[in-house]
Structures are given as C-alpha cells and as structure tokens.
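Here the protein sequences come in this chain order: A and B.
Count along the first sequence from 1, add 28, and you get the number used in the working numbering.
Count along the second sequence from 1, add 152, and you get the number used in the working numbering.
From the three backbone atoms N, C-alpha and C, an ideal C-beta is built for every residue, glycine too.
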Amino acid sequence: MTQVLVFFDRVVDHLTPAQAELLTHADALGEAVVVAGSLPPAGAEALAVHGVTGVLTGADSIYAPDPALADLVVAAAAELDPDLILGPDTPDTVDALSRAAVALDAGLITGANGVTGSGSGTKSVLAGSWRTTAQISEDGPLLATLRPNTASQQAIAAEVPEVVALEVAASSAVEILEETELPPSGRPDLTEASTVVAFGRGVEGDLRLVEQLAEELGAALGASRVATDAGWIDHSAQVGQTGVTVSPQLYISVGISGAVHQRAGMQTSGTIVAINKDEDAPVFEIADFGVVGDLNDVLPQMIDELRRRKG
Amino acid sequence: MPGSLHIITLVKWVPDAQLERRIGEDRRLDRSQGILGELDEHPLETALQIKEQHEAEVRVSALTMGPSGASAAVKKALQIGADDGFHLTDEALQAADIWTTSAALAAAINYVRATSEGSEYLVLTGMASEDGETAAVPAQLAGRLRVPALTQAREVTLEGRRVVVTRLSGTRMQRVAAVLPALVSVTDQANEPRYPNFRAIMKAKKKPTTTFSLADLGLTRYAVESKVSLIAAEPRPERQAGEIIHDDGTAGQKTVEFLSKEGLL
Ligand SMILES: Cc1cc2nc3c(=O)[nH]c(=O)nc-3n(C[C@H](O)[C@H](O)[C@H](O)COP(=O)(O)OP(=O)(O)OC[C@H]3O[C@@H](n4cnc5c(N)ncnc54)[C@H](O)[C@@H]3O)c2cc1C
Ligand SMILES: Nc1ncnc2c1ncn2[C@@H]1O[C@H](COP(=O)(O)O)[C@@H](O)[C@H]1O
C-alpha cells in the first residue's frame, strides 16, 4: 500500500477546499498521515477524513516562512518512510517541501496536476501549452505540490485521528514582524469558483458592471495584471503566469486583450467567453464565444437578460 | 552598515514567451534562442536600488547557469547595471531538474562569494523561471546554503544587517525579517525594472564576466545527477476559436442564450 505523507503548513478549524482536495488525492493513492505546522485548539478534528490514519506536528506551532517547517517534514518522513510527500501548491508549501527535498535527497515536482504511487507526476508547462510527465529515477520518496481543482472535493468523514508531536521546534531564523489577514471578498474563492468574471484595462477602473455581472452569475472576480497593478483590485485577484491559475467551468473575459501571460492562467477553463471592442484581440483566438463590442453596452444587456430570466 | 555587501542576483536565460516554445523529440526544451527572463529583471532592480540607497560598498554580481547562449542573459544584466557577471556552463547540466539546478547554483554562489571575501552576502532570485516555472529553486538553494529564504517578496528593504520583506502567506500579508546572509525571491510586484540606456550599454562592454564549469567547482557529473526526468511531453491541443458576434444591441442577450444553451447558468 502506498504511504502518503500530506503536509499542511497550517490547519485551522475547517479544512480549506485545497486541503480537503489533497486528502481526497491521498485517500485515492493509499494511506495518509498528515504533518501540520500548526493545529487549532480543537486539535485534529478538521482532519477527521477517510484515509487519514494519523497526524504529526511539532513540539510547538511552526509558522511559515520558518525553515523549521522543512525540518518537520524531514522528521515526519524519517518516522514513516513514505512513498509520496504531498502538499497544496501554495508558496509556503513549495518552500517547505523544496527545502525538505534537499535534506531527503529526493525528487520534487511543483504545480503537478496528478501523481502516482510509483513516483511519477503530470504537469502543465510553458504557460499551459504543454503537458509533461516526469518520473523519479530512484526509489522514493517523490515530493510534489498539487494544483487545485485536480480532484473531486468529496472528503468522506471519519474518526478523529490521533496526534503525535515530533521533537521539532520553531526556529528564530525568520522573524515575523507583522501579519494581517486579507479581508474576505464576500465572493467565491477565485481558484475554486465554477464561474469567473475577469476584467482588464478595458473597464478603466470602474468595476460596477463587472461586479454586477459576477453577482448575477455567483462568480468570483479575477483581473489582468494591468488591472491589479492599477490598484483597481487586490493583486490576489490576478489571473495569469504571475498570479493564480484558474480552471472554472466558465471564464468570462471582459476588456482583456489575452496576452500569453494572461492566457497561462485561464486557458484550461471549460468554456471561455470574451467581450472586447477590438476584433483582433488575441483573446478571441481561444474564446468559445466572443462578442466584439464595448463592454459598457454589452454588460448591461447581459445583466438585464440574466435578471429577466430569473424573473 | 559595517563592511561591504555582495548581492548575487540569479538570472536565467529562457526561451522568449512571446514566441512559440516547444519541447523536442529528445524531451528537451528548444533553447536555440532566448532572453534574460523578464521575471529575473525584478531581483536585479531590487539589487540596484539597494546599491544606490546604501552608503556602504555594495557589489552586484549576476549569475546564470545555462548553455553557451546564456551569456546573453549575463550581458543584459551587465547592461542593466550589474557590476560583474558569472556564467556556469557544462554539458552535464543539460536537462537539469530542480535538485541539480540548486546543487550546481549553490556551489556556483560559493564560488562567486569567494571573490569578495569578508563581505556579507545576499542572494536575490526571481519568483519563478519562465520555462521551469517551479518556484522551487530559491528555497532549495537557501536550504543548501543554510540561510533563510524569504520568498514571494513584494517589497524588499535592507535595514542594517537585516533584510525586511513584505509577502503574502496564504491569506495573510506578512512583514518578515532575516539577518544576513539570506536569500530573497522577488516578485513582479516589487518594482518596475529599468531599461539600459546607450551609455550603460557601452559601459557594460568593459565589465568582467567569468565563465566556469562544474570541474571549476570541484563537482563531477555524478554529484549533480537529476532526481526526476521527463518521460513524456506533448503539446496541449490548441483551443479553437468559436463563434464571434458583433454587438448590434443584442449581443448581451445572445451571450446569455449561449450560456443557457451550454448549461452554464
Ligand atoms: C513576466 C510577465 C508576467 C506577466 N504576468 C501576467 C499575469 O499573471 N496576468 C496578466 O494578466 N498579465 C500578466 N502580464 C502582463 C501581460 O503581458 C499583459 O500586459 C496584460 O495581461 C494586459 O492586460 P489587459 O489585457 O488588461 O490590458 P491590455 O493589453 O491593454 O488590453 C486591454 C483590452 O481591453 C480592450 N478594451 C478597452 N476598452 C474596452 C471597452 N470599453 N470595451 C471592451 N473592450 C475594451 C482593448 O481592446 C484591449 O484588448 C505579465 C507580463 C510579463 C512580462
Ligand atoms: N539556470 C538558472 N540560472 C540562474 N538562475 C536560475 C536558474 N534556474 C533558476 N534560477 C533562479 O531561480 C528562480 C526560480 O526558478 P524556478 O525555481 O526554476 O522557477 C529564477 O527566477 C532564477 O532567479
């Protein structure tokens, strides 16, 4: 049976969708043990998921970007001798697993779409234009971070797993001077939403129409780099090579030209609808349905029609 | 700040993302042409700003690992403003994975550092290479150099011997600090890279570049064998353009009709 070690830098009262998804991956691959940098006061309740046989943590809470998180992974690997060490594809996890891979002399794949128990992983590269499969050359473990939306998110409830503390403590290598929680947007999470409305320079700083459209569709809001650089929305909404990758069922692109860096983050979407006043905009090359027109005319028509249909 | 500071910025030579990029039959990326990765201009800009703002002596070295053509990335970095360049090139580094890249670059950094003995050092990298896109080399390098890694920096300042970084950790915005030596990976949010002017381009011709191989680092090809290799690569089928309509006052209704027909409402 494949032994999977799943790393979460921080577990709070409820699993994030990405964490739940990872446990589904692990359950499908074999038997999973979770190693967590920190647990909430309630302990491992959130990890009462089918396939999780135990939870490891440090002597005290360890928070990113403390390099001790990598030491914790290494210590957990020494206990379990896993075939796979997996984590969600977030920067803090990439850091911890990368560093752990050096100590473990092991292969690493980041941003994978899937992995196998025999140490191979698939990944999309070159701005999403190629699909590759990589394989470790020796016996495991393989360390990998997995992109969101690569498994169905159906974690099955189970008994609360036992927690064992390892003798790894937080270090003082990095000092956290200040930390502020980003305010919740009140909309679905961008990487997990089934519909995304994304806007670019074309909205010229006025978000009212795209916000209304997102509202009618229950969609998350995304943006191009030009729009986030201008400060019209937080950088966390940026879709593309240096932002987030989304793969919703429906992506509506509004006033975005569709540069290669932007496409990198959205071209695996189910259906792409583009609204742009320039008929030569590259986004039309990949749109399933394109409207050449001014967004200030087209969006009100869409919003009215959606409202009319709802009655 | 007492003493001098040596900033080593890592620059990678990558195929231009604006052109078609392909992986060949040999499962290697076609590297016949390339540019200095645009994301690696941001750490270089950070290095130059630190140099300009600090009273103490700051030396900025640009380091690349790649085939002979990669010297173009070093040359560009010298034009933008680095003081000197280093180019690690070796047959054995073709098709290097993350493990190999970080092993070779860590040894190369120690080699570069040895040219400014007694200085404090700071390693700056991009947030991700535009071909590898692993974002894993920075943390691996830091692990090998046994220094802290402050990744995904949106703001970098040097306060005495401490480097202070603003970064996003999950849903939390952090301000974190580490004492030098340290490694920082810099995002495209951090700054607006400068362009080299004619004077800078002329001046760069006189700046020194050192080219070296694994043997110069005391490494054999066995010390840098990849842990992971590509076994398959295929282009994703291109998306086909679908129906395009021109707005005549009813495009919005037609779009909603399309969504409804596709079962997307
Ligand atoms: C290394 C690197 C990384 C990058 N990473 C990213 C990334 O992650 N994400 C990203 O998005 N970009 C990224 N970029 C930038 C990218 O190359 C483009 O510059 C950017 O995506 C353009 O944003 P835009 O489409 O909003 O603006 P523009 O390219 O200026 O396009 C605006 C579009 O709006 C249309 N328009 C204007 N007014 C209207 C109107 N009234 N109605 C309808 N249409 C209208 C115009 O016809 C035009 O097509 C990156 C660039 C580099 C070099
Ligand atoms: N071959 C290389 N030569 C120089 N720098 C590199 C190389 N590979 C990676 N880097 C640096 O590491 C960063 C992250 O790369 P990656 O982990 O490949 O996404 C890049 O932005 C570069 O600064």
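Within-8 Å CB hit, residue i to chain A
| i | result |
| --- | --- |
| B/Val380 | yes |
| B/Val264 | no |
| B/Leu416 | yes |
| B/Gly404 | yes |
| B/Met153 | Note on B/Met153: pLDDT 43, under 50, position unreliable in the model; the coordinate value appears next. No, B/Met153 lies away from the interface with chain A (no Cβ there is under 8 Å from its Cβ). |
| B/Ala225 | no |
| B/Ser122 | Lying before the first or after the last residue shown, residue 122 of chain B is absent from chain B, which here runs from 153 to 417. |
| B/Arg391 | yes |
Helix, strand or coil at residue i [DSSP, three-state]
| i | result |
| --- | --- |
| B/Leu411 | helix |
| A/Thr144 | coil |
| A/Gln31 | strand |
| A/Gly339 | coil |
| B/Leu157 | strand |
| A/Pro310 | helix |
| A/Ala129 | helix |
| B/Tyr263 | helix |
| B/Leu191 | helix |
| B/His239 | strand |
| B/Trp165 | strand |
| B/Tyr273 | strand |
| B/Ala229 | helix |
| A/Glu232 | coil |
| A/Leu249 | strand |
| B/Met217 | strand |
| A/Val188 | coil |
| B/Thr286 | coil |
| A/Thr256 | helix |
| A/Thr81 | strand |
| A/Ile331 | helix |
| B/Leu181 | strand |
| A/Gly298 | coil |
Any non-hydrogen atom of ligand 2 closer than 7 Å to residue i Cβ
| i | result |
| --- | --- |
| B/Leu297 | no |
| B/Gly189 | yes |
| A/Ala56 | no |
| B/Met217 | yes |
Opposing strand residues paired with residue i [DSSP bridges]
| i | result |
| --- | --- |
| A/Lys151 | A/Ala140 and A/Thr160 |
| B/Arg327 | A/Glu206 and B/Thr318 |
| B/His398 | A/Val320 |
| A/Thr223 | A/Leu278 |
| A/Pro116 | A/Leu174 |
| A/Val272 | A/Val267 |
| B/Thr362 | B/Phe238 |
| B/Arg211 | B/His158 |
| A/Asn304 | A/Val320 |
| B/Ser381 | A/Gln163 |
| B/Leu310 | B/Val315 |
Cutoff 8 Å: residue i Cβ touching any chain B Cβ
| i | result |
| --- | --- |
| A/Leu136 | yes |
| A/Leu278 | yes |
| A/Ile284 | no |
| A/His53 | no |
| A/Ala330 | Correcting the residue type first, residue 330 of chain A is Met in the shown sequence and not Ala. By this cut-off, A/Met330 is an interface position. |
| A/Thr270 | yes |
Whole-angstrom C-beta distance between residue j and residue i, which should lie under 8 Å
| i | j | result |
| --- | --- | --- |
| A/Val202 | A/Asp94 | 6 Å |
| A/Val224 | A/Pro276 | 5 Å |
| B/Ala342 | B/Arg319 | With a Cβ gap of about 10 Å, B/Ala342 and B/Arg319 do not count as contacting. |
| A/Gly156 | A/Thr296 | 6 Å |
| B/Asp340 | A/Thr219 | That belief does not hold up - the Cβ atoms of B/Asp340 and A/Thr219 are roughly 19 Å apart, past 8 Å. |
| B/His194 | B/Gly278 | 6 Å |
| B/Ser281 | B/Arg211 | Rounded, the Cβ-Cβ distance is 24 Å, inconsistent with contact. |
beta-carbon residue i near ligand 1 non-hydrogen atom, thresh 7 Å
| i | result |
| --- | --- |
| A/Thr270 | yes |
| A/Lys305 | yes |
| A/Gly283 | yes |
| A/Ala309 | yes |
| A/Ala287 | yes |
| A/Ser252 | yes |
| A/Asn177 | no |
| A/Arg236 | no |
| A/Asn324 | yes |
| A/Gln266 | yes |
| A/Gln290 | yes |
heavy atom of ligand 4 below 7 Å from residue i C-beta
| i | result |
| --- | --- |
| B/Thr277 | With respect to small molecules bound, the structure shown includes ligand 1 and ligand 2 and not ligand 4. |
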